Each structure stands twice: as structure tokens, then as C-alpha cells.
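The next block holds one structure in the form of C-alpha cells; read it before the comments.
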Amino acid sequence: MALKKQERQAMILEILAHNVIDSQEEILHRLQHAGIAVTQATVSRDIKELRIVRRPDATGQSRYQVMADATNTTVSDKNQIEQGFADMAVEITPVSFMVVVKTTQGNGNRLAAMIDVAEMPDVIGTLAGHNTIYVTTPTADAAVALVEQFNNWMQ
């Protein structure tokens, strides 16, 4: 059965609220098991829109979780990313037209999601791991400017 986007996303949030989920595939399988016709690409888009990230929970187990500030619409994306850099960024290094951001353990994906949501004009895209983010910019000069901005946010 096909659901409206809002209903499907509500179901994803419900799945995450009641289960330890550590992969997009598991979300996909649970939706399909419930009779929902959905593709991996759709689940991936829903995860991004819902601001769901994979990070360690209180027990240290890596799982998908809704970012704590995702439901707080009174805080702007700008304030969120600035606070994110202050809380999670450890080191920022320009490498040609890219910026490498080292984060505290387990926060690479979370901070990269904040960068993506901010839709900064000089950010072409991000690639994140456990504690490292690669930010691609159009030029080396743009990377240097981005490093300066990120460093200011770390203060």
C-alpha cells in the first residue's frame, strides 16, 4: 500500500521511537513488512528530511535517532550549525578545494547533516564518517573562506 509522505515519515519516526535501528535497510524492511510500498531512495530522502542521524545512544550502540533539535522550529539553522561546530568540531583543515572537519567521536554524520541543511552557497556537498567530514567547495579560495567561517563557529 502506498502512503502519503507525511504518513510514511510518521511511521519511520514511530519505528525509530520503539526499536534500535542501525541501518536504512532495516527501516526499509520494517516498512515493507508493514505492507508499505517504498524504495531505498525514498527512505534515504525521508531520513534526510526528518533530520535523522546515526549516532551512539546512551549505551554506546550506534543507531538511527532524530536529532534532538529537529523538532525545535524556533531555533534557526544558522544557530544550530554554529552551536554544532562549537559542540562537535575539533579541527578544521583546508585541502585544495575541500575542507576536512574532525569531530568528536560519533558526530561526523550529525554535523554533516547540519552543514547540508544550512544550504551554504560554497558547499557543493559533504561526505561524513564516524568523526571526519569532507566538505567539497567549488574552489580553493572558497575552501579557505569556509575554514575561516567554521573556525569562528568553533569559538
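Take the sequence shown: its position 69, counted from the start at 1, is 69 in full-length UniProt numbering, and no numbers get skipped. All C-beta atoms in this analysis are idealised placements derived from N, C-alpha and C, irrespective of residue type, glycine included. Treat the numbers as computed from the prediction; the structure is a model and nothing was measured.
Quiz item: For Gln155, which of helix, strand or coil comes out of DSSP?
Solution: Reduced to three states, the DSSP call for Gln155 is coil.
Self-check item: C-alpha distance - Thr71 paired with Arg110, whole-angstrom precision
Solution: Reliability of the predicted coordinates at Thr71 is poor, the pLDDT of 45 falling under 50, and the value obtained from them is presented with this limitation in mind. Rounded to whole angstroms, Thr71 to Arg110 spans 15 Å at the Cα level.
Quiz item: Does the Cβ-Cβ distance between Gly140 and Thr126 come in under 7 Å?
Solution: In the sequence as displayed, the identity of residue 140 is Ala instead of Gly. It is not a contact, given that the beta carbons lie outside the stated cut-off.
Quiz item: Ends of the alpha helix (DSSP H) at Ile36?
Solution: Premise fails: Ile36 is in no alpha helix (DSSP H) and is neither H nor E.
Quiz item: Are three or more beta carbon pairs between the segment 40-47 and the segment 91-99 nearer than 8 Å?
Solution: Pairwise C-beta distances place the segment 40-47 out of contact with the segment 91-99, as fewer than three of them are shorter than 8 Å.
Practice problem: Hey, could you find the ends of the beta strand (DSSP E) Val66 is sitting in? | Solution: Counting along the chain, the beta strand (DSSP E) containing Val66 begins and ends at Ser62 to Val66.
Practice problem: Note the first and the last residue of the continuous alpha helix (DSSP H) segment covering Glu14. | Solution: Where Glu14 is concerned, the enclosing alpha helix (DSSP H) starts and stops at Lys5 to His18.
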